[in-house]
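*Asks:* After the structure tokens below, expect a handful of questions from me.
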Amino acid sequence: MNTSTQTRPAATRPKGRLNAGTLRRAGARVAALLASLLIALSMAFLLGRLSGDPTATILGPMAPEEQRVQLRHELGLDRPLIVQYLDYLKGVFTGDLGQSLQFYQPNTTMIMDRLPFTLQLVAGGMALAVLIGVPLGVLAARREGTWWDRAASTLALLGQSVPVFWFGMMLVVLFAVKLGWLPAGQSGTPRHLVLPALTMSVYPMAQIARLTRASMSEALAEPYIDSARARGIAPLRVVWRHAFKNAMMPILTIVVLQTGILLSGAVAVEYVYSWPGLGQLALQAIQFRDFPLVQAIVVFGALTFVLLNLLVDVIHSIVDPRVR
Amino acid sequence: MTQLELETTTGDGTAPATPPRRRRRRRTSVFWLALPLAAAAILVFVLPLTGLLPEAGQNLDATRRPPGFLAGGAWSHPLGTDKLGQDVLRQFVTAGRITIVIGLVGAVVAIGPGTLLGVLAGYFRGWVDRVISVLIDAQLALPFILIALAIISNRGSSLPVLFLVLALTGWAVCARVTRSATLAIRERQFVLGLRAAGASETRIVFRHVLPNLAGTIVALGTLQVGTAILIESALSFLGLGVVPPMISWGSLLASGQDELSQAWWIAFFPGLAITLLVLLVNLLGDALLTHHDPRKRRR
Numbered sequence: 001m002n003t004s005t006q007t008r009p010a011a012t013r014p015k016g017r018l019n020a021g022t023l024r025r026a027g028a029r030v031a032a033l034l035a036s037l038l039i040a041l042s043m044a045f046l047l048g049r050l051s052g053d054p055t056a057t058i059l060g061p062m063a064p065e066e067q068r069v070q071l072r073h074e075l076g077l078d079r080p081l082i083v084q085y086l087d088y089l090k091g092v093f094t095g096d097l098g099q100s101l102q103f104y105q106p107n108t109t110m111i112m113d114r115l116p117f118t119l120q121l122v123a124g125g126m127a128l129a130v131l132i133g134v135p136l137g138v139l140a141a142r143r144e145g146t147w148w149d150r151a152a153s154t155l156a157l158l159g160q161s162v163p164v165f166w167f168g169m170m171l172v173v174l175f176a177v178k179l180g181w182l183p184a185g186q187s188g189t190p191r192h193l194v195l196p197a198l199t200m201s202v203y204p205m206a207q208i209a210r211l212t213r214a215s216m217s218e219a220l221a222e223p224y225i226d227s228a229r230a231r232g233i234a235p236l237r238v239v240w241r242h243a244f245k246n247a248m249m250p251i252l253t254i255v256v257l258q259t260g261i262l263l264s265g266a267v268a269v270e271y272v273y274s275w276p277g278l279g280q281l282a283l284q285a286i287q288f289r290d291f292p293l294v295q296a297i298v299v300f301g302a303l304t305f306v307l308l309n310l311l312v313d314v315i316h317s318i319v320d321p322r323v324r
Numbered sequence: 325m326t327q328l329e330l331e332t333t334t335g336d337g338t339a340p341a342t343p344p345r346r347r348r349r350r351r352t353s354v355f356w357l358a359l360p361l362a363a364a365a366i367l368v369f370v371l372p373l374t375g376l377l378p379e380a381g382q383n384l385d386a387t388r389r390p391p392g393f394l395a396g397g398a399w400s401h402p403l404g405t406d407k408l409g410q411d412v413l414r415q416f417v418t419a420g421r422i423t424i425v426i427g428l429v430g431a432v433v434a435i436g437p438g439t440l441l442g443v444l445a446g447y448f449r450g451w452v453d454r455v456i457s458v459l460i461d462a463q464l465a466l467p468f469i470l471i472a473l474a475i476i477s478n479r480g481s482s483l484p485v486l487f488l489v490l491a492l493t494g495w496a497v498c499a500r501v502t503r504s505a506t507l508a509i510r511e512r513q514f515v516l517g518l519r520a521a522g523a524s525e526t527r528i529v530f531r532h533v534l535p536n537l538a539g540t541i542v543a544l545g546t547l548q549v550g551t552a553i554l555i556e557s558a559l560s561f562l563g564l565g566v567v568p569p570m571i572s573w574g575s576l577l578a579s580g581q582d583e584l585s586q587a588w589w590i591a592f593f594p595g596l597a598i599t600l601l602v603l604l605v606n607l608l609g610d611a612l613l614t615h616h617d618p619r620k621r622r623r
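Each protein sequence line maps, in turn, to chains A and B. Just so it is clear: in the first sequence, position 121 is 121 by the working numbering, and no numbers are missing. Heads up, the working numbering is the position in the second sequence plus 324, with the first residue counted as 1.
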């Protein structure tokens with residue numbers, strides 16, 4: 001993953017200039033990501049082909065054989081497997097992810113219709129996760145070994161141990177059923193976003209807090225921190241401007257990667273709140289055995305995830321010149 | 325995914341030994357974490373045999389009774405009843421057995437292939453390592469919960485499919501950690517000595533490298549139990565995990581979801597149990613891992 005990028009002493013090459021080694025490493029990284037993508041696409045394709053005869057799903061079990069042969073020909077299923085595979089790959093790279101069996105619509109259109117809802121939820125959740133997780137991690141790192149540290153760390157571990165959808169259900173009981181402060185279910189207004197976003201934030205918040213603690217406690221032990229303190233720089237400024245700036249990269253990485261996971265992995269949270277996002281769409285597709293749609297969502301998830309991985313690498317090389 | 329910090333685990337054994345006093349404290353903490361876990365497991369497996377649990381079966385005269393400690397509840401149903409008047413405690417205990425078994429088996433099916441591939445990659449290097457590393461990277465660079473959903477939508481939900489999903493989602497983290505640990509072990513003197521003495525590669529791998537990894541593997545397996553329980557409960561909650569009549573804590577949560585406004589306790593206790601169980605398992609796994617990771621032990 002992104003941590004595998006080698007660091008080398010900066011003095012050995014001209015500053016800020018791309019050289020052969022840099023290009024080779026970047027090339028290898030892109031090749032590795034493309035290989036991952038190809039594996040995912042192939043798995044999605046194979047699963048699609050193993051899922052049985054789609055003509056039975058479309059026409060029903062009683063349809064005459066001639067009709068099926070006809071439909072198979074129309075869908076291109078009578079061609080050699082390798083031709084179908086190449087055609088499928090071509091479709092993926094031209095944005096054509098096939099058609100849903102249950103909605104009779106292009107899968108791409110449906111994914112794009114649902115995406116804004118999921119984006120809202122993920123943006124809200126990640127914002128909360130960063131706003132709570134980072135200070136919690138910094139607090140734990142600054143007071144390493146104290147009760148503050150233990151409380152913050154346990155809280156973070158608790159966030160990784162709780163089934164998020166259950167946490168969401170309990171929020172509904174407390175704030176929607178008992179107290180009646182906030183709506184549960186449906187979407188639209190900012191008030192509708194509060195509970196789902198809070199639920200969504202729990203897992204990434206815990207991860208961010210744990211990582212921030214680890215990364216900050218390493219940074220705070222560096223000699224330049226002692227030197228900054230000795231120069232009489234205000235403690236808070238030392239923590240945020242000197243230590244946090246250096247500890248930031250792994251945190252940024254996990255934020256971007258978690259966003260990728262949440263974009264397609266928020267099935268249970270969306271289910272609890274009947275949130276009309278991608279996760280609900282995936283669930284509907286599974287329940288109706290609409291395999292082309294499941295496949296399209298898998299492909300979409302894999303694509304965004306690989307792109308976000310690349311984004312992390314790019315940010316990494318911009319922020320930290322040693323990686324270049 | 326809770327093990328993100330394990331990325332750079334090394335087992336080079338060059339770290340200074342822990343002072344005896346601190347090591348004893350770690351042992352104690354492992355003991356105190358394992359104790360409640362063992363107690364919970366025994367309780368869940370033994371309680372149904374004692375005949376102390378309320379009778380099974382429906383009772384339409386006593387539906388949605390609150391737990392015994394709340395107003396309107398009765399101690400004949402300590403955790404209340406559901407919409408059919410079935411005892412919640414009894415379901416809770418039955419489901420707990422399934423959840424614990426799935427967690428344990430789910431960890432084994434992920435750790436087994438993960439360890440094997442990691443050790444092979446780390447020991448033999450070369451093209452074996454390259455192929456396995458590409459697979460590890462691919463698995464870690466993809467949102468595999470989607471692939472899991474695709475498999476389930478394809479094969480339908482059943483226990484074998486559930487274990488397949490748990491294996492697929494869990495092997496890579498374990499493979500990565502065991503690979504880097506093996507890389508360190510193979511450079512150590514005793515491996516060189518064994519090779520010089522003419523021991524076969526298979527013998528070195530299985531009789532000497534693997535035993536040296538045992539502690540790390542146990543720790544990884546412990547953490548994997550927590551992950552497996554969380555994945556299982558999410559899938560069962562969505563109706564994609566265990567199949568009725570089998571119930572797990574995840575499927576109890578699903579049945580409690582429609583009752584949230586009238587009988588919140590049906591969903592409350594299984595969720596609380598999952599949280600506490602996974603928290604204890606994670607704490608235990610972390611403690612065990614620190615024990616076997618010299619880099620972390622120093623701190």
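Virtual Cβ for every residue (Gly too), placed ideally from N, Cα, C. Since this is a predicted model, take the numbers as computed values, not measurements.
#1: So which residues on chain B does A:Leu158 lean against when the C-beta distance must stay under 8 angstroms?
#2: Nearest by alpha-carbon distance to B:Leu359: which of B:Thr614, B:Leu601, B:Val497 is it?
#3: Count the other CB atoms, across all protein chains shown, that sit within 10 Å of the CB of A:His316; report buried if there are 16 or more and exposed otherwise.
#4: Quick one: is A:Tyr271 buried, meaning 16 or more other Cβ sit within 10 Å of its Cβ, or exposed?
#5: Spell out whether any CB of chain A is found under 9 angstroms from the CB atom of B:Ile476.
#6: Going by DSSP, which residues form a beta bridge with B:Gln410?
#7: What span of residues does the alpha helix (DSSP H) with B:Met570 cover, start to end?
#8: Rounded to whole angstroms, what's the CA-CA distance from A:Gln207 to A:Ala156? Just pull it up for me.
#9: Just the Cα atoms here: how many angstroms apart are A:Ala152 and B:Ala499?
#10: Tell me the start and end of each unbroken beta strand (DSSP E) in the region 107 to 191 of chain A that is at least 3 residues and wholly inside, in chain order.
#11: Just the Cα atoms here: how many angstroms apart are B:Thr423 and B:Tyr447?
#12: Tell me the DSSP bridge mates of A:Gln99?
#13: Under 7 angstroms Cβ to Cβ from A:Ser36, same chain only, skipping five residues before and after it: list those, please.
#14: Helix or strand or just coil, what does DSSP make of B:Thr387?
#15: List the whole-angstrom C-beta distance separating A:Leu71 from A:Leu59, where the pair is believed to meet the contact cut-off of C-beta under 8 angstroms.
#16: On the three-state DSSP scale, how would you describe A:Thr94?
#17: Apply the 10 Å Cβ neighbour rule to A:Met43 and answer buried if 16 or more other Cβ atoms are within range, or exposed otherwise.
#18: Report the residues of the region 525 to 556 of chain B with a CB closer than 7 angstroms to any CB of chain A, ordered along the chain.
#19: Is there a Cβ from chain A that is less than 9 angstroms from the Cβ of B:Phe561?
#20: Suppose contacts are defined by Cβ-Cβ distances below 9 angstroms. Is B:Ser537 in contact with B:Ala505 by that definition?
#21: B:Gly436 versus chain A: which residues are under 7 angstroms apart at the beta carbon?
#22: Give me, in chain order, the residues of the same chain whose beta-carbon lies closer than 6 angstroms to that of B:Phe561; leave out the 5 immediate sequence neighbours on both sides.
#23: Given 8 angstroms as the limit, tell me if B:Leu408 has its C-beta closer than that to any heavy atom belonging to the ligand ATP.
#24: Could you name the residues of the same chain whose beta carbon sits closer than 7 angstroms to that of A:Gly260, not counting the 5 residues immediately before and after it, in chain order?
#25: Give me whichever residues DSSP pairs with B:Thr405 in a beta bridge.
#26: Excluding the 5 residues preceding and the 5 following B:Val323 in the sequence, name in chain order all residues of the same chain whose CB lies nearer than 7 angstroms to its CB.
#27: Is there a C-beta anywhere in chain B that falls below 9 angstroms from the one on A:Trp166?
#28: Is B:Pro594 close to chain A, meaning its C-beta is less than 9 angstroms from at least one C-beta of that chain?
#29: Where does A:Thr118 land, buried or exposed, given buried means 16+ other C-beta within 10 angstroms?
#30: Start and end of the alpha helix (DSSP H) containing B:Gly517?
#31: Around the Cβ of A:His73, are there at least 16 other Cβ atoms within 10 angstroms (buried) or fewer (exposed)?
#32: Would you identify the three-state DSSP class for A:Trp275, choosing helix, strand or coil?
#33: Which stretch, first to last residue, makes up the alpha helix (DSSP H) that contains B:Trp451?
#34: Look at B:Ile471 and A:Leu47 and say whether their C-beta atoms are less than 9 angstroms apart.
#35: Determine the direct distance from the alpha carbon of B:Val433 to that of A:Thr154, and round the result to whole angstroms.
*Replies:* If we stick to the structure as given:
#1: Thr599, Leu603
#2: Checking every option, the nearest Cα to that of B:Leu359 belongs to B:Leu601.
#3: buried
#4: Label assigned to A:Tyr271: buried.
#5: yes
#6: Paired residues: none, contrary to the question.
#7: Here B:Met570 belongs to no alpha helix (DSSP H), and DSSP marks it neither H nor E.
#8: 7 angstroms
#9: 30 angstroms
#10: none
#11: 35 angstroms
#12: BP columns for A:Gln99 point to A:Pro106.
#13: Listed in chain order, the non-local C-beta contacts of A:Ser36 below 7 angstroms within the same chain comprise Val306, local neighbours out to five positions each way being set aside.
#14: coil
#15: 6 angstroms
#16: coil
#17: Buried, because 16 or more other Cβ atoms sit within 10 Å of the Cβ of A:Met43.
#18: Gly550, Leu554
#19: yes
#20: It is Leu, not Ser, that sits at residue 537 of chain B in the sequence shown. Yes, Cβ-Cβ distance for B:Leu537 and B:Ala505 is below 9 angstroms.
#21: Chain A residues near B:Gly436: none, gap ~21 angstroms exceeds 7 angstroms.
#22: Gly574, Leu577, Ala578
#23: Questions concerning the ligand ATP fall outside what the structure shown contains, since it holds no ligand whatsoever.
#24: The answer, listed in chain order, is Thr304, Phe305, Leu308.
#25: According to DSSP, which records beta bridges pairwise, B:Thr405 is partnered with B:Asp411.
#26: This structure gives no information on residue 323 of chain B, because the portion of chain B shown stretches from 325 to 623.
#27: yes
#28: At a cut-off of 9 angstroms, the C-beta of B:Pro594 has a neighbouring C-beta in chain A.
#29: buried
#30: 513 to 520
#31: exposed
#32: coil
#33: 450 to 464
#34: The answer is yes: Cβ separation under 9 angstroms.
#35: 29 angstroms
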